[in-house]
Every structure is written in C-alpha cells, then in structure tokens.
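Notes for the one structure printed next.
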Amino acid sequence: MEEVVKGYDVDRLKVVTIASHSSLQILRGAKKLGLGTVAVAKPGVGWFYRRFNFIDRVIEVDFSEFERLADELTRDNAVLIPHGSYVEYVGWRRALRMPIPTFGNRYLLEWEASQSKKMKLLEYASIPIPKSFNDPSSVDRPVIVKLSGAKGGRGYFIAKDPRELMDKLSGVKDDDYIIQEYIVGVPAYYHYFASRVYGRVELFGMDIRYESNVDGRTFNLAEPTFVVVGNLPIVLRESLLPTVQRYGEEFSRAVSELVPPGMIGPYSLESIIKDDLTIVVFEFSGRIVAGTNVYMGIGSQYSVLYFDRPMDMGERIAHELVTAAKSGRLHEVVT
Ligand code: AMP
Numbered sequence: 005m006e007e008v009v010k011g012y013d014v015d016r017l018k019v020v021t022i023a024s025h026s027s028l029q030i031l032r033g034a035k036k037l038g039l040g041t042v043a044v045a046k047p048g049v050g051w052f053y054r055r056f057n058f059i060d061r062v063i064e065v066d067f068s069e070f071e072r073l074a075d076e077l078t079r080d081n082a083v084l085i086p087h088g089s090y091v092e093y094v095g096w097r098r099a100l101r102m103p104i105p106t107f108g109n110r111y112l113l114e115w116e117a118s119q120s121k122k123m124k125l126l127e128y129a130s131i132p133i134p135k136s137f138n139d140p141s142s143v144d145r146p147v148i149v150k151l152s153g154a155k156g157g158r159g160y161f162i163a164k165d166p167r168e169l170m171d172k173l174s175g176v177k178d179d180d181y182i183i184q185e186y187i188v189g190v191p192a193y194y195h196y197f198a199s200r201v202y203g204r205v206e207l208f209g210m211d212i213r214y215e216s217n218v219d220g221r222t223f224n225l226a227e228p229t230f231v232v233v234g235n236l237p238i239v240l241r242e243s244l245l246p247t248v249q250r251y252g253e254e255f256s257r258a259v260s261e262l263v264p265p266g267m268i269g270p271y272s273l274e275s276i277i278k279d280d281l282t283i284v285v286f287e288f289s290g291r292i293v294a295g296t297n298v299y300m301g302i303g304s305q306y307s308v309l310y311f312d313r314p315m316d317m318g319e320r321i322a323h324e325l326v327t328a329a330k331s332g333r334l335h336e337v338v339t
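According to our numbering, the stretch in the sequence shown is residues 5 to 339, in order.
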C-alpha cells in the first residue's frame, strides 16, 4: 500500500470511510482541508449522509462486498480512514488484507482483537493494567468478566467475590473470556495523535462514556451492562496530564518496537482513575475513537496547545495527510 500511494496524484487526494462511528467528523475535517470525501454506507443508510454537502459521494454497498470498491477507490487516490465500525463491519482479518491504502498502522487491529495480546502490549509499554486471574478460585477481589464476543461493553459482568463469580460463570457457555480485577474509580478515555510529520505524540483530548446500565437511572433494578450510548467531554486536573502524556508516549514506543511500522495517527487509552489518583489502563484502540466526536467543529481541548487554534480529530487526520502528501511522505502514514 505504501507503494500504491507513491503513484497517487496528491493534488486529488480523497478520504474514504464507512458511514458510521466518527465518519461525519472525519469527512467534514477532510473537506475543510480541501480533500475529496467518500462515504461508504450500509444499504438503507446512505440517505442520511446525502444530507451533508461536505460529502462528495455516498456509495451504498453490502459490506460483504467492500473489497469490490478497492480498484475504483485507489484509482481515485483514496485513503481509507479506519474506525470502530469499519473494524466491526469488515472484521480485522479482512481489514488486514484490504487492498486500499489505510491511514495508520492496520497491523494493530490484530493485537486489539485479542484480549491477551492487547494486555501484553500495554504491559510491554510499562503502563499499569488490571490484574488478570486465570483460575476463578484464586480470585480475591471484585472482578469484571469479559467474554470474547462482547461488543461495546455488552457481555461483561461484575462479580463481588469468588462465590458470585462461580455462580455467574456457571451460566456462561463460551469458555473464551478473561477475568480481570475490577478497578474502582472514575473512567477517563484519552485521545492521542502520533504524528509522523512532526515526530511527536500529541495529547489531543479526552472523554468519558455514557453507558447503559451503569450511568442510567437503574435504581438497582438492573445489572450493569456497559453498553455505550454516547460520550461526554471531560478535562482532568492538570497535575494528571504528565502521567497521561507519558502513558501515551510509552504506548507509542511499545508499538514501534512490537508492531512495525509503529503508531501512526489517532489512538486511545481507556482508563480508570482511582481515588489515590493513580491511573490504570484496561484497553486501547489503535485508531480514532467515537469519543472524539464530542469535539467536532469546536476542536479538542488540547489541540490549541499544538496548533494555536481549535482542531477536531477529523481535521487533525486531514492535516497530517495533506502535510505528509505535500512533503512526499504520504507513504509513511499509511499501511
Ligand atoms: P470496554 O468495552 O473494554 O471499553 O469496557 C466497557 C466498560 O467496562 C468500560 O467503559 C469501563 O467502565 C468498564 N471496565 C472495563 N474494564 C474494567 C476494569 N478492569 N475495571 C473497572 N471497569 C472496567
């Protein structure tokens, strides 16, 4: 793919993404910086995306046939921007082989798909992570059980002690799950951007999730389900920012050592902050997260520190693409 973009007409670059997740932010940012924009929508969804004049073209296609668009899109100088719905709809295996230049390091998707590889990468980066238990009988604290097929938090459950754990596990048919220490504290999700152009990791913003049935008015009537419904903006005490920045940089360093060609573009670390103000990271996303949408059009809170003007993550991606293309480095930001 690095070779494919070397043949691109950089004055006619296009951004393509799946119409969902953070696509409005991505495509709006791309258009603002003068790039062409294409949304690929699930049949029946395209009409919504046609409402917006910053999207040049909306293609409706069954995602099982996504690869059929590749020739046309690459002829059209398109770079694909991956996001959570892209990974969900096409699956990480197909995403690894997708014959379209993809912004960022697509090889990370395989690490993200496996709970054990995911934790290994965070551990390698020396970032504090929750303790994992292989044997349910060795559990000595509250835990969260994550079933491998769980999506968006659905399929997780909490157990206060070994007895409750055994009880709940007896109803689980799947044997592919991890038992993880439940960290008590407040969640915070950090948005970073690893820039090849500027050779730095930017702490761009942060958010928290709005999850059913943990943030809802459940009055103890329902078990927590952690289904993500939306996101809310947040700022942290400034004294926590050096730690957040350090984790971001350590993660990027670990990726460059274990997953060549290293971290490129947006990524996220997902954490719980405990009451002693230590930060434990339980998850990462190696691409744009939907929580960046809370800053669409107004700019992520810390973007002004780097660019002296507010910028959202969609614009930040487009800025990297345009700047890399202008300096003959587009091949460095795609895989
Ligand atoms: P995830 O789908 O992995 O992002 O997790 C869904 C939600 O579960 C998160 O937003 C957290 O609120 C919660 N969560 C996941 N892992 C832990 C943990 N080890 N300790 C506390 N809460 C967690």
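Idealized CB from N, CA, C, for every residue including glycine.
Treat the numbers as computed from the prediction; the structure is a model and nothing was measured.
Within 8 Å, strictly: CB atoms of residue i and residue j
i    : j    : result
A322 : A43  : no
V263 : S275 : no
E6   : V218 : no
P86  : R291 : yes
D80  : K177 : no
L125 : A258 : yes
P102 : L84  : Sequence check: residue 102 is Met here, not Pro. Yes, these two residues count as a Cβ contact at 8 Å.
G88  : A226 : no
Q119 : I182 : yes
K32  : G303 : A quick correction: the sequence has Arg, not Lys, at residue 32. Not a contact, by the Cβ cut-off of 8 Å.
L240 : L39  : no
S130 : E254 : yes
E116 : S256 : no
N297 : Q29  : yes
L244 : L281 : yes
Cutoff 6 Å; reference residue i; Cβ partners in own chain excluding five residues on either side
i    : result
A163 : V147, L169 and K172
R16  : N81
L334 : V9 and A328
Y299 : G209 and D316
A340 : The requested residue 340 does not occur in the structure, where the chain is confined to residues 5 to 339.
K121 : W115
Y320 : Note that residue 320 corresponds to Arg in the displayed sequence, not to Tyr. So the qualifying residues of the chain are F197.
The beta strand (DSSP E) enclosing residue i, as first and last residue numbers
i    : result
Q184 : Y181 to E185
G269 : G269 to I277
D211 : R204 to S216
V9   : Taken as a continuous stretch (DSSP letters only), V9 belongs to no beta strand (DSSP E), being part of the alpha helix (DSSP H) at E6 to K10.
K177 : Element bounds for K177: n/a, residue is neither H nor E.
V20  : K18 to I22
Y160 : R158 to A163
G40  : G40 to A45
V14  : Careful: V14 lies outside any beta strand (DSSP E) and carries neither H nor E.
S289 : I283 to S289
L84  : A82 to L84
Own chain partners of residue i with C-beta closer than 7 Å, once the 5 adjacent residues on each side are dropped
i    : result
D252 : With the sequence shown as reference, residue 252 is identified as Gly, and Asp is not the correct amino acid for it. Correct list, in chain order: Y194, Y196, V205, L207 and L273.
E185 : P134, K135, R145 and V147
S260 : G266 and M267
E215 : G157, F230, V231, V232 and V233
P47  : E64 and D66
G189 : I276, I277, K278 and D279
P228 : I162, N217 and V218
T247 : I283
A192 : M210, I212, I238, L240, S275 and I277
P166 : P140, S141 and V143
D13  : N81
E127 : I133
Delimiting residues of the alpha helix (DSSP H) encompassing residue i
i    : result
P236 : Going by the sequence as given, residue 236 is Leu instead of Pro. Taken as a continuous stretch (DSSP letters only), L236 belongs to no alpha helix (DSSP H), being part of the beta strand (DSSP E) at V231 to P237.
A322 : M317 to K330
K35  : S27 to K36
V308 : S307 to F311
A192 : Unbroken run through A192 is the beta strand (DSSP E), V190 to S199; no alpha helix (DSSP H).
K121 : Q119 to Y128
F67  : No alpha helix (DSSP H) contains F67, which DSSP labels as neither H nor E.
R257 : L245 to L262
E76  : A74 to R79
Y90  : G88 to V94
F52  : G50 to Y53
Contact set for residue i: own chain, Cβ-Cβ below 8 Å, skip 5 residues either direction
i    : result
Q249 : V205 and L207
N57  : none
I187 : P134, I276, K278, V284 and F286
V149 : Y160, F161, I162, A163, L169, K172, L173, V176, Y181, I182, I183 and Q184
**Study point:** Segment contact, 8 Å Cβ cut-off, at least three pairs: the region 108 to 121 with the region 89 to 96
**Key:** yes
Check your understanding: With contact counted as at least three CB pairs below 8 Å, one residue from each stretch, are the region 43 to 62 and the region 8 to 26 in contact?
Key -> yes
Exercise for review: Could you tell me whether the region 198 to 205 touches the region 134 to 148, using the rule of 3 or more Cβ pairs below 8 Å?
Suggested key: no
Practice item. Tell me, please, whether the region 303 to 310 touches the region 208 to 215 by the rule of three or more beta-carbon pairs shorter than 8 Å. Key: yes
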